[in-house]
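Chemist: So that we are looking at the same thing, I have put the structure below in structure tokens.
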Amino acid sequence: MVFRSILALLALLFAASACSTAHNPPQVSSASGLETLPPQIEREVGPIYTSRTLQAFVSRVGQQVAQQSSLPGPFRFFVLDDPVPNAHAISPGYVFVTRGLLALVNDEAELAAAIGHELGHIEKGHAVKRERVRRDVTDAAINAAVISGSVTVGRSVAHEGLLALRRYSRDQELEADRLGVSYIVRAGYRGDAMTTLIEKLQLQARLEDELMGPTPESDDRSALSTHPGPAQRLLSLRSVEGDRRPGKSGREAYLAAVDGMSVDDSPEEGFVRGPSFLHPTMRLAFTALPDFRLFNAHDGVLGVGRDRSLLYFSCTNEEVPGRLDDWMRNELKPTPTNIQATEIGGAEAAIGSKPRGSDTSLAQIRYVLVRRGTGICYFNLLSDGPDRDRRIEAMTAAVRSFHSLSDAQAATLEPYRLRVVSSAGTTAAALAARMPYRDHQMERLLTLNGVDSPAALMRLAQIKIVQP
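For what it's worth, the working numbering labels the leading residue of the sequence shown as 109, then goes sequentially.
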């Protein structure tokens with residue numbers, strides 16, 4: 109949610125989970141033996157993770173939970189090749205969990221709870237109902253604007269309607285939690301698995317706040333959130349019948365299934381390593397300022413500084429004819445100022461600033477273009493803090509770290525993987541030191557295992573860690 113909001117901000121500043129319907133059956137890849145997705149669905153949700161063992165494990169759990177619902181099915185369950193914790197379902201009968209969610213989950217029961225929550229949404233038709241309410245909000249806003257003759261009145265109606273829609277969506281999330289508990293209890297899983305799953309998501313949110321600093325989206329009281337916060341979900345579950353009912357956990361089997369799973373982006377997407385981004389397939393790399401956090405997405409890399417400075421990087425095969433500084437001067441609108449031709453990583457480059465005129469209170473924005481083959485790679489940089497002028501210069505200097513990787517360098521880049529190790533004969537500090545991150549090693553280790561202290565960690569017989 110934070111990532112999406114920042115992308116929206118980028119669109120505004122740099123500019124001069126819905127459901128869909130599909131009716132194509134999955135296909136089977138003859139090469140891997142894996143069931144694959146119809147192309148249009150893969151374009152929407154991304155590729156599946158190429159582990160037959162893990163896919164089969166998730167499918168087995170999903171089918172057990174689905175059998176306890178009143179849904180007719182058939183259902184198909186897939187692990188998406190995505191390190192961001194998430195789960196969602198689309199029509200007709202596709203349910204997805206990401207690698208990122210599987211890394212946080214600690215046993216089979218919690219996986220069942222995540223799947224049960226998504227099936228609860230399907231059983232209640234929440235996506236269709238939300239879309240109907242959204243259309244009603246839009247129609248009401250348009251009608252109000254037409255009748256009153258005022259766009260302002262229309263916007264006011266739309267604002268109130270969207271707040272109501274968000275509250276409505278939060279109620280649906282709580283309803284899906286309650287239905288999910290009923291499914292997993294009937295399937296024989298422990299009834300508190302939904303609670304412990306949400307507690308792990310709460311720990312993950314706290315870690316993200318520590319890494320990035322709190323944001324408005326992390327406030328449970330935010331009226332703009334379409335999802336209730338973990339605290340509200342946990343409070344709601346206290347009154348659910350079956351929440352404390354005993355049942356199977358399936359921890360050992362679950363840990364065996366996820367052992368060795370990648371916790372990184374795929375090599376085709378590139379790897380984030382601290383403030384550095386390295387792409388073994390495209391053979392390129394750069395390093396942002398040390399305080400930046402990088403987020404990798406299909407269409408580019410977003411960097412966020414501690415002061416909320418922003419960096420966006422992407423590449424395109426679109427050919428830019430002529431000199432890059434001339435192209436920037438003639439094609440970008442409004443025309444950048446202080447355009448300079450330069451060289452970055454041995455390649456032609458150009459740097460320009462978005463005009464601010466005499467208003468020095470405006471954000472500093474820089475555009476950086478680098479020639480790469482027949483296309484270009486580009487950086488959009490923004491700084492809006494009190495130190496914006498000095499900061500933008502430092503960000504621009506960091507961009508000059510952009511360079512090509514040799515075949516030998518690219519060949520050494522491998523994804524980080526989740527490993528399950530014994531707690532015997534070691535300490536929490538020793539395990540944290542093995543985590544391949546530059547900071548918050550202990551906090552990351554505790555969150556990965558769903559505990560809040562080193563002592564609680566060492567009470568576990570098997571512990572998840574991340575290793576290169």
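Each residue gets a CB set at the ideal place from its N, CA and C atoms; glycine is no exception. Since this is a predicted model, take the numbers as computed values, not measurements.
1) What is the rounded straight-line gap between the Cα of residue 531 and the Cα of residue 563?
2) Per DSSP, what are the beta-bridge partners of residue 206 in this structure?
3) When the distance is taken between beta carbons, is residue 370 closer than 9 Å to residue 182?
4) What is the DSSP secondary structure of residue 176, counted as helix, strand or coil?
5) Starting from residue 561, trace the beta strand (DSSP E) in both directions and tell me its first and last residue.
6) Taking DSSP as the reference, what is the three-state secondary structure of residue 567?
7) Give me the residue from 208, 153, 205, 197 with the minimum Cα distance to residue 228.
8) So residue 422 and residue 408 are in contact, right, with Cβ under 8 Å, and what is the actual spacing, rounded?
9) Does DSSP put residue 158 in a helix, in a strand, or in coil?
10) Less than 6 Å between C-beta atoms, sequence neighbours within five positions excluded: which residues of the same chain meet that for residue 395?
11) Rounded to a whole number of angstroms, what is the C-alpha to C-alpha distance between residue 365 and residue 161?
12) Helix, strand or coil: how does DSSP classify residue 404 here?
13) Can you give the Cα-Cα distance for residue 436 and residue 546, rounded to whole angstroms?
14) What span of residues does the beta strand (DSSP E) with residue 297 cover, start to end?
15) Under a Cβ-count criterion, where at least 16 other Cβ atoms within 10 Å of its own Cβ denotes burial, should residue 427 be classed as buried or exposed?
16) Measuring alpha carbon to alpha carbon, tell me which of 175, 171, 163, 200 ends up nearest residue 149.
17) Helix, strand or coil: how does DSSP classify residue 318 here?
18) If you reduce the DSSP assignment to three classes, tell me which class residue 286 lands in.
19) With 16 other CB atoms within 10 Å as the buried threshold, where does residue 465 fall?
20) Across the region 494 to 506 and the region 520 to 540, are there enough close Cβ pairs to call them in contact, namely three or more that are closer than 8 Å?
21) First and last residue of the alpha helix (DSSP H) that includes residue 499?
22) Taking the beta strand (DSSP E) that residue 451 falls in, what are its first and last residues?
23) Determine contact between the region 473 to 492 and the region 449 to 464, defined as no fewer than three beta-carbon pairs at a distance below 8 Å.
24) Among the candidates 393, 362, 358, whose CA atom is the shortest distance from the CA of residue 375?
25) Measure the Cβ-Cβ separation of residue 355 and residue 215 and say whether it is below 9 Å.
26) Which runs of the alpha helix (DSSP H), 4 residues or longer, sit entirely within the region 506 to 551?
27) Among residues of its own chain, excluding the 5 on either side of residue 306, which ones have a beta-carbon nearer than 7 Å to its beta-carbon?
28) Count Cβ pairs between the region 167 to 184 and the region 280 to 300 that sit closer than 8 Å; are there 3 or more?
29) Among the candidates 454, 283, 429, 352, whose CA atom is the shortest distance from the CA of residue 224?
30) Keeping to the same chain, check which residues put their C-beta closer than 8 Å to that of residue 479; ignore five residues upstream and five downstream.
31) So what does DSSP say about residue 109, is it helix, strand or coil?
32) Measuring alpha carbon to alpha carbon, tell me which residue in 489, 286, 280 is nearest residue 418.
33) Please state whether the Cβ-Cβ distance between residue 165 and residue 362 is less than 9 Å.
34) Just confirm the distance between the C-beta atoms of residue 193 and residue 170, as a whole number of angstroms; I'd bet it's less than 8 Å.
35) According to DSSP, simplified to helix, strand and coil, what is residue 361?
36) Keeping to the same chain, check which residues put their C-beta closer than 8 Å to that of residue 232; ignore five residues upstream and five downstream.
Modeler: Taking the definition as stated:
1) Cα-Cα distance, rounded: 11 Å.
2) Note: residue 206 sits in a beta bridge opposite 188.
3) Residue 182 places its beta carbon 9 Å or farther from that of residue 370.
4) When secondary structure is reduced to three states using DSSP, residue 176 falls in the coil class, being assigned neither helix nor strand.
5) DSSP places residue 561 in no beta strand (DSSP E); its state is neither H nor E.
6) Correct three-state label for residue 567: coil.
7) Cα-wise, what sits closest to residue 228 is 197.
8) Going by Cβ atoms, the distance from residue 422 to residue 408 rounds to 3 Å, so yes, they are a contact pair.
9) If DSSP states are grouped into helix, strand and coil, residue 158 belongs with coil.
10) So the list reads 383, 384, 509, once near-sequence residues are dropped.
11) Answer to the nearest angstrom: the Cα atoms are 7 Å apart.
12) Three-state DSSP puts residue 404 in a strand.
13) Near 37 Å, if we compare the C-alpha coordinates of residue 546 and residue 436.
14) Note, residue 297: premise wrong, no beta strand (DSSP E); not H, not E.
15) That one is exposed.
16) Of the listed residues, the one whose Cα sits closest to residue 149 is 200.
17) Three-state DSSP puts residue 318 in a helix.
18) Collapsing the DSSP output to three states places residue 286 in a helix.
19) Exposed, by the Cβ-count rule.
20) Pairwise C-beta distances place the region 494 to 506 out of contact with the region 520 to 540, as fewer than three of them are shorter than 8 Å.
21) DSSP places residue 499 in the uninterrupted alpha helix (DSSP H) bounded by 496 to 507.
22) Note, residue 451: beta strand (DSSP E), 445 to 452.
23) A contact exists between the region 473 to 492 and the region 449 to 464.
24) The option with the nearest alpha carbon to residue 375 is 393.
25) Not in contact: residue 355 and residue 215 (Cβ atoms no closer than 9 Å).
26) Correct list: 515 to 519, 536 to 541.
27) 338, 341, 342, listed in sequence order.
28) The region 167 to 184 and the region 280 to 300 touch, with no fewer than 3 CB-CB distances between them shorter than 8 Å.
29) Checked all of 454, 283, 429, 352; the closest Cα to residue 224 is 283.
30) Excluding sequence neighbours, residue 479 sits near 428, 432, 455, 456, 457.
31) Its pLDDT being 31, under 50, residue 109 is placed unreliably in this model, and the value from its coordinates should be taken loosely. Residue state for residue 109 is assigned as coil, using DSSP reduced to three classes.
32) Residue 418 has its Cα closest to that of 489, out of 489, 286, 280.
33) Contact flag set, yes.
34) About 17 Å separates the two Cβ atoms, so there is no contact after all.
35) Residue 361 falls in the helix class under three-state DSSP.
36) Around residue 232: 280, 283, 284, 287.
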